[in-house]
Amino acid sequence: RGFIFGAALALKSSKPMIVARKPGKLPGELLTRNYDLEYGKNSLSIQKTALKKFSSFVIVDDLLATGGTVNCISKLLLKEKKKIVGFLTVVELKELNGRSKLNFPVESIVTLWDVF
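Counting in our numbering, the sequence shown tops out at residue 862, every number present.
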């Protein structure tokens with residue numbers, strides 16, 4: 747769902763959007779990283795050629811919960827010597843403290859405290 751917001755931001759800022767997807771969703775040579783979920787494991791991939799022209803990135807997603815997804819992508823980008831200038835999320839679940847796992851600025855549009 748983050749691609750919905752990422753596409754709008756990319757259009758408005760005249761910047762390209764590079765997507766990170768779950769296994770089997772992207773063609774071409776991929777950079778892939780595994781990460782842990784609360785209930786198992788998963789992985790995310792980015793097309794290798796999509797990163798070549800760019801040195802800095804803002805990560806956009808619809809939800810920040812435990813931070814697993816954004817942490818996975820940030821580590822993937824950092825391994826490729828890319829700079830992360832920030833993370834923008836629509837909803838942040840503060841109670842799960844995902845922000846504390848990130849080493850870059852985080853902006854959330856809606857913050858929810860008691861969700862459970």
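Glycine included, every Cβ here is placed at the ideal spot set by N, Cα and C. Nothing here was measured: the structure is a model prediction, and the numbers come from that model.
If I measure Cβ to Cβ from residue i and keep anything under 6 Å in the same chain, skipping five residues before and after, which residues do I get?
i      : result
Val837 : Leu809 and Val856
Lys794 : Glu775 and Leu777
Lys847 : Gly813 and Asn817
Ser854 : Thr835 and Glu838
What residues in its chain sit with their C-beta under 7 Å from that of residue i, if we drop five residues either side in the sequence?
i      : result
Cys818 : Arg779, Tyr781 and Leu790
Leu772 : Ser791 and Gln793
Trp859 : Lys840 and Glu841
Would you mind giving the Cβ-Cβ distance between residue i and residue j, rounded to the nearest angstrom? I have them listed as a contact below 8 Å.
i      : j      : result
Leu834 : Val806 : 5 Å
Tell me whether residue i sits in a helix, a strand or coil according to DSSP, three-state version.
i      : result
Arg845 : helix
Leu839 : strand
Ser820 : helix
Phe850 : coil
For residue i, I'd like the list of residues in its chain whose CB is within less than 8 Å of its CB, leaving aside the five on either flank, ordered along the chain.
i      : result
Lys828 : Leu797, Phe800, Ser801, Ser802 and Phe803
Leu824 : Ile830
Could you tell me whether the Cβ of residue i comes closer than 9 Å to any Cβ of chain D?
i      : result
Thr778 : Among the chains of the structure shown, chain D does not appear; only one protein chain is present.
Validate contact between the stretch 839 to 847 and the stretch 797 to 812 using beta carbons, cut 8 Å, 3 pairs: yes
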